Amino acid sequence: MKIYTKTGDKGQTGLIGGTRVSKANLRIDAYGTVDELNSWIGLLRTSQSDIRQAAMLAQVQDRLFVIGSHLAADPEKSRMSLPDLREADVEQLEAEIDFMNESLPELKSFVLPGGNQQAAYGHLARTVCRRAERQVVALGEENPVEPVLLEYLNRLSDYLFTLSRKLCLDGGSDEIKWLPRG
């Protein structure tokens, strides 16, 4: 399989189902941002020494590929059987958030992204996740999007925030509280 096909040289790309669209299409932005998020998750995963966290992040990467495949498919023309995203995937994120929260101090203020390098990677991934979510919402205003995709992205950003807090704690770093002037 060749990496380059030259079919996109004029700014068009193909969706699953054969439809050609502009590379500036909202659908392309949405799955491109999910791909960017997946790369940030990969960076975060490679910095993990905690086996449970690394395994969960690997699973998140798999689920992001599932989301990307759904976003890359033309809902009217694709006949390809795509892997599914399940409500159980959202529930697993919730369970991981609850597990991490057991060891975290109560959150009494906003925190600034950072604390240590691993936590900062988590916050970067969280912000890209929020952008992906916004783009999928915008896409859903024009085309049908399965609700579970949005639920997963929404919960994933919560997971990444909680993971960032946990990485700060585990790394012996203090969270930087936002203290507004006033």
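Numbering-wise (the working numbering), the sequence shown opens with residue 622 and increments by one. Glycine included, each C-beta is placed from N, C-alpha and C at the ideal position. Just so we're clear, the structure is a prediction, and the values are computed from it rather than from any experiment.
(message) Judging by CA-CA distance, which residue of T654, E772, P801, A676 is the nearest neighbour of L733?
(response) Taking the first residue of the sequence shown as 1, we reach residue 733 at position 112. The closest CA to that of L733, considering only T654, E772, P801, A676, is found on P801.
(request) List the DSSP bridge partners of R583. (result) Since the first and last residues shown for the chain are 622 and 803, residue 583 lies out of range.
(request) Ignoring anything shorter than 4 residues or poking outside the region 679-741, list the alpha helix (DSSP H) runs there in chain order. (result) Whole alpha helix (DSSP H) segments, 4+ residues: 708-722.
(request) List the endpoints of the continuous alpha helix (DSSP H) containing T654. (result) Here residue 654 refers to the residue found at position 33 of the sequence shown. Here the alpha helix (DSSP H) through T654 covers 647-667.
(request) Would you identify the three-state DSSP class for I624, choosing helix, strand or coil? (result) Sequence index remark: in the sequence shown, residue 624 carries index 3 (1-based). I624 carries a coil assignment under DSSP once its states are collapsed to helix, strand and coil.
(message) Quick check: what's the CA-CA separation for I637 versus Y780?
(response) The residue you call residue 637 lines up with position 16 of the sequence shown. The residue you call residue 780 lines up with position 159 of the sequence shown. Each residue's Cα considered, the two are about 30 Å apart.
(request) Assuming K698 contacts T640 (C-beta within less than 8 Å), just tell me the rounded distance between them. (result) The residue you call residue 698 lines up with position 77 of the sequence shown. The residue you call residue 640 lines up with position 19 of the sequence shown. Rounded, the Cβ-Cβ distance is 6 Å, consistent with contact.
(message) Rounded to whole angstroms, what is the Cα-Cα separation between Q674 and Y773?
(response) Within the sequence shown, numbered from 1, the residue matching residue 674 stands at position 53. Within the sequence shown, numbered from 1, the residue matching residue 773 stands at position 152. Between Q674 and Y773, the C-alpha separation is close to 18 Å.
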